[in-house]
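The numbering of the sequence shown is this note's numbering, which starts it at 2 and goes up by one.
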Amino acid sequence: MKLRQAQTSATYILPDPGELDKRVQIRQRVDTPSADMGIEPTYPVQFYAWAKVTQTSATIYQETAQTDNAITHYITIRWRSGITKDFEVVCGDEVFRVQRARDLNNKRRFLLLECTDLGVPSNSGGSSNGNTLFSR
């Protein structure tokens, strides 16, 4: 009988190139102090990518919400290095905060971003200094 190494992570089916059908903006958010003692977001790194955006299941959402780290969407893009929790993904009018980035099957071909939906930016109730408020 042949001994096999235990599988420690799931094997994912890599997406077909046609599945990356949403044009998203990926940007690094850096909060800087503003003149009115608040913060103002700046985006020193911004680029566009084709992505596959899917919503997580209710079970995944519930399990991650209990740890105050709710994952609402999976966003798959082609491999990029350096994407961390400091990044946001803008898809249409919605903004998602990256919680984790995973290399699918350790192939360096696709990157799975586990994200939290921040909602749609709105200026209601905010000041005119560029602070971003999110509403659901």
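No residue lacks a Cβ here, since even glycine has one placed at the ideal position from N, Cα and C.
Restricting attention to Lys86, Ala52, Glu41 and Phe48, the CA atom closest to the CA of tyrosine 75 is found in Ala52. DSSP places isoleucine 61 within a helical segment (H, G or I) once states are collapsed to three.
Residues of the same chain with a CB within less than 8 Å of the CB of isoleucine 61, apart from the 5 flanking positions on each side, are Ile72 in chain order.
Across the set Arg79, Leu105, Phe88 and Asp94, the C-alpha of Phe88 shows the shortest separation from the C-alpha of valine 46.
By the criterion of a C-beta distance shorter than 8 Å, asparagine 106 is surrounded in its chain by Thr12, Tyr13 and Leu15, once the five residues flanking it on both sides are discounted. Of the residues Asp94, Ser82, Cys116 and Pro122, the one whose Cα lies closest to the Cα of aspartate 104 is Ser82. Leaving aside the five residues that flank phenylalanine 97 on each side, the residues in its chain whose CB is nearer than 7 Å to its CB run, in chain order, His74, Ile76, Glu89, Val90, Cys116, Thr117, Asp118 and Leu119. Residues Lys23, His74, Ile76 and Cys92 of the same chain have their beta carbon placed closer than 7 Å to that of valine 54, with the five preceding and five following residues left out of the count. Excluding sequence positions up to five before and after threonine 57, its CB lies within less than 7 Å of the CB of Ile72, Thr73, His74 and Tyr75, all in the same chain and listed in chain order.
If you check the CB distance, glutamine 26 and tyrosine 49 come in under 9 Å. Rounded to whole angstroms, the Cβ separation of lysine 108 and valine 99 is 20 Å, and the two are not in contact under 8 Å. By the Cβ neighbour-count rule, alanine 59 is exposed, with fewer than 16 other Cβ atoms within 10 Å of its own. Membership of alanine 50 in the beta strand (DSSP E) is indicated by the continuous run 40 to 56. When secondary structure is reduced to three states using DSSP, glycine 93 falls in the coil class, being assigned neither helix nor strand.
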